[in-house]
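Colleague:
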Amino acid sequence: MELRTRGWWLLCAAAALVVCARGDPASKSRSCSEVRQIYGAKGFSLSDVPQAEISGEHLRICPQGYTCCTSEMEENLANHSRMELETALHDSSRALQATLATQLHGIDDHFQRLLNDSERTLQEAFPGAFGDLYTQNTRAFRDLYAELRLYYRGANLHLEETLAEFWARLLERLFKQLHPQLLPEDYLDCLGKQAEALRPFGDAPRELRLRATRAFVAARSFVQGLGVASDVVRKVAQVPLAPECSRAIMKLVYCAHCRGVPGARPCPDYCRNVLKGCLANQADLDAEWRNLLDSMVLITDKFWGPSGAESVIGGVHVWLAEAINALQDNKDTLTAKVIQACGNPKVNPHGSGPEEKRRRGKLALQEKPSTGTLEKLVSEAKAQLRDIQDFWISLPGTLCSEKMAMSPASDDRCWNGISKGRYLPEVMGDGLANQINNPEVEVDITKPDMTIRQQIMQLKIMTNRLRGAYGGNDVDFQDASDDGSGSGSGGGCPDDTCGRRVSKKSSSSRTPLTHALPGLSEQEGQKTSAATCPEPHSFFLFFLVTLVLVAARPRWR
C-alpha cells in the first residue's frame, strides 16, 4: 500500500512538471502572438506562424521542445540572423576604414602639399637668381619633382639612384652653359666620370641624398601603413561566415522567440562564446595588427627636426639652390681640375662673353617654419591608432553589446541557448586555437581561413617595411616577409645575378603597387629593369623527373 501511494505521488509530480513546462493554453497563445508581431515586422509572412505553440520535433537548430516556429520560420530566421551579423560586421569594418582613410588623406595631402610648395618656390625664385642656368633646364627640375612624387606615392624607384641621375644630367647641362668652349662629347663623358671626385655641387647632393632618403621613406611608409591597414580590414570583411556560425547565431538571437520567450536577451558570456567562435580567425590578426600600429606610431618620430620628413620634403628647393650656388662659386677651381683630369680642349676665345651675361647672382633661401599642421595631424592619428589596437579581439564583445541586444547581466532571466536561466560554461580565449572546446560553435582549428592568413602576412610585411624605414632603409616588399611569401613572385634571384635592388623585379613580378597610395595607377608605378633573372624551371623539372624515376624503379633484393 505504501509503495502504491509513493508511486502515485511520483506520477503527480511528473505531471505537474509537464504542466509547468508547457504552461496553460492562454500563455502559449500570448507567446506566439508576440512572435507573430516580431516575425511580421521583419517582412515575413504571418501565415507561417502558428496561433499557439506546437511540438518542436521538426526543428533543426533550436531546442526541440514546444515552439512557436515552423521549419520554414526557423530557416527564415536563421538566414535573417546571418544577414544581421554580416551587416554588423560590415558596419564595424566601414567605420574602421573611414577612420583610417581620414588619417591617410589628411597626412598624405600635407606631405604632397609640402612637395608642391617646394616646387612652386623654386619656379618663382630660380629664374630671377640663376637666369638661363635655370630657365634652360626647367625640365630637369620638373622631372626631379615628378619622380619624387612617384616615389612617395609608392612607385618602384630607387631614390638614391634617381637623385644621382639628376645630379649627373644637371652637371652636364650646367657645365656646358658655364663653359660653352668645352664642347666635345668625350670631354663631357670624362666630366661625368670625374664628378664624384670633383664634387662640383659641394655638399648639397650628399646632404640631400641622406636626408631625402630617410624623410621620404618615413613619410611614404607611414601613409602606406595606413593604406595597408585599411585594405586588410576591407578584405577581412569579405570573409563569409561558416555554416556552424550561422547555426550558432540563429540559436543565440532567435531561438528564444521560437521557444516562446522573445523578451529573453542573450546571456553575456553565451553571446561572447558564440561571437568568439564565429570570429576566431579574425582574432588571429591581433598580434600582427598591433605590431603594425606600434611601428606606425614609432615612425612618426622621423617626421621632426632638421632631417625630419616635414623639413626635408618641404625644403628640397633649398638644397638645389645651394648646389647651383656652389657650382658657380667653384667654377674656376672645377675647370682647372677638369682640365687636369680630362686634358685641355680647344678653347673658343669668344666663349667667355656670353657666359658672363648668362650668369646671375646667388640665391639664399630659408626653410619655412613649421605651421603646426603636421603635429596636429600626427597627434590625432596616433590617438586613433591606439584606440583601434584591440579592434579584432574586442570585436565579439563590441558586437554583443551594440548589435546583439545582450542582457546586461548573467542571471536567471537571460537566454542561455536552451531556456531562460544562467549560462554556466566559461568564456573561451581569443583566436582559432582557443576554440577547440567552444561549447557553442563547432570550430575546426586545423583549417584556418586562408584569406585571413594572407592578410596576416600583409601586416607582417608592412611592419617589416616600417621597421626598416625607421632605420632609414627602404625595405623591398618582396624581401620583407620572413619566408619570402609576401606579395609578388619572389623569384629568389641573387643580387649578383639580378643587379641592383631596384632592378630585381621584372614588369610582371613587381610588388609595390599592391601597397601604393590611392591614385597611383599601374603605369605610373612601373619601372622595368634591363637586367632579368634566369629562371631555373628546366633544371628543377629535370631534377624532379629524375627523382620520380629513381623512386619508381624496381628494387632487387
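Numbered according to mature numbering (1 follows the signal peptide of the UniProt record, and there is no 0), the sequence shown spans residues -23 to -1, 1 to 534.
Using N, Cα and C, we set each Cβ at its ideal position, and we do this for glycine too.
Predicted, not measured: the structure shown is a model, and the values here were computed from it.
Considering only DSSP beta bridges, list what THR44 is partnered with.
Modeller: Answer by DSSP bridge pairing, in chain order: ILE31.
Colleague: Per DSSP, TRP392 forms a beta bridge with which residues?
Modeller: Per DSSP, PRO243, LYS397.
Colleague: On the criterion of 16 or more Cβ atoms from any shown chain inside 10 Å, does GLU138 qualify as buried, or is it exposed?
Modeller: Exposed: under 16 other Cβ atoms inside 10 Å.
Colleague: Where do the N-terminal and C-terminal ends of the alpha helix (DSSP H) with PHE193 fall, by residue?
Modeller: Run containing PHE193: 181 to 214, per the alpha helix (DSSP H) assignment.
Colleague: For HIS156, name the three-state secondary structure that DSSP assigns.
Modeller: Note: HIS156 maps to coil in three-state DSSP.
Colleague: For MET439 versus GLY291, is the C-beta spacing smaller than 7 angstroms?
Modeller: No, Cβ-Cβ distance for MET439 and GLY291 is not below 7 angstroms.
Colleague: Starting from the Cα of ARG150, find the closest Cα among LYS279, PRO177, ASN321, LEU409 and give me that residue.
Modeller: For ARG150, the nearest C-alpha among the options comes from PRO177.
Colleague: For a quick check, are the C-beta atoms of residue 537 and VAL230 less than 7 angstroms apart?
Modeller: The structure shown does not extend to residue 537, since the chain spans only -23 to 534, so no value can be given for it.
Colleague: What's the call for LYS279, buried or exposed, on a 16-neighbour Cβ count within 10 Å?
Modeller: Classification of LYS279: buried, given that the 10 Å Cβ count is 16 or more.
Colleague: Cα separation between ALA102 and LEU66?
Modeller: Between ALA102 and LEU66, the C-alpha separation is close to 54 angstroms.
Colleague: Let me check understanding here. Comparing Cα to Cα, which of LEU127, ASN56, ARG249 lies closest to GLU379?
Modeller: Considering only alpha carbons, the answer is ARG249.
Colleague: Check whether the Cβ atoms of VAL404 and GLU221 sit closer than 7 angstroms, and answer yes or no.
Modeller: Result no, Cβ atoms of VAL404 and GLU221 do not sit closer than 7 angstroms.
Colleague: Return the CA-CA distance between LEU304 and VAL295, expressed in angstroms with no decimal places.
Modeller: Cα-Cα distance, rounded: 14 angstroms.
Colleague: Going by C-alpha distance, which of LEU168, ASP180, VAL205, PHE368 is nearest LYS437?
Modeller: Considering only alpha carbons, the answer is VAL205.
Colleague: Which residue comes first and which comes last in the alpha helix (DSSP H) that contains GLN431?
Modeller: Counting along the chain, the alpha helix (DSSP H) containing GLN431 begins and ends at 427 to 447.
Colleague: Sorted by chain position, which residues of the same chain lie with C-beta nearer than 6 angstroms to THR76's C-beta, five sequence neighbours on each side aside?
Modeller: Around THR76: GLN361.
Colleague: Are CYS235 and CYS46 close, meaning C-beta to C-beta below 7 angstroms?
Modeller: Yes; because the gap between Cβ atoms is below 7 angstroms, this pair is in contact.
Colleague: Tell me which same chain residues have a C-beta within less than 6 angstroms of the C-beta of LEU147, skipping the five on either side of it?
Modeller: Cβ within range, chain order: ALA117.
Colleague: Hey, could you find the ends of the alpha helix (DSSP H) TYR122 is sitting in?
Modeller: 115 to 129 is the span of the alpha helix (DSSP H), which, as asked, contains TYR122.
Colleague: Would you mind sorting GLN215 into buried or exposed? The rule is 16 or more other CB atoms within 10 Å of its CB.
Modeller: Counting Cβ neighbours within 10 Å, GLN215 comes out exposed, since fewer than 16 surround it.
Colleague: Could you tell me whether the stretch 396 to 413 touches the stretch 88 to 101, where touching means 3 or more Cβ pairs closer than 8 angstroms?
Modeller: Judged by Cβ distances under 8 angstroms, the stretch 396 to 413 makes no contact with the stretch 88 to 101, as fewer than three pairs qualify.
Colleague: May I ask you to report which of helix, strand or coil DSSP gives PHE21?
Modeller: In the structure shown, PHE21 sits in coil (DSSP, three-state: anything other than H, G, I, E or B).
Colleague: Taking the alpha helix (DSSP H) that residue 538 falls in, what are its first and last residues?
Modeller: With the chain running from -23 to 534 in the structure shown, residue 538 is simply not present.
Colleague: Round the Cβ separation of PRO425 and LEU252 to the nearest angstrom and send it over; I've been treating them as touching at under 8 angstroms.
Modeller: At roughly 18 angstroms, the Cβ-Cβ gap does not stay under 8 angstroms, so PRO425 and LEU252 are not in contact.
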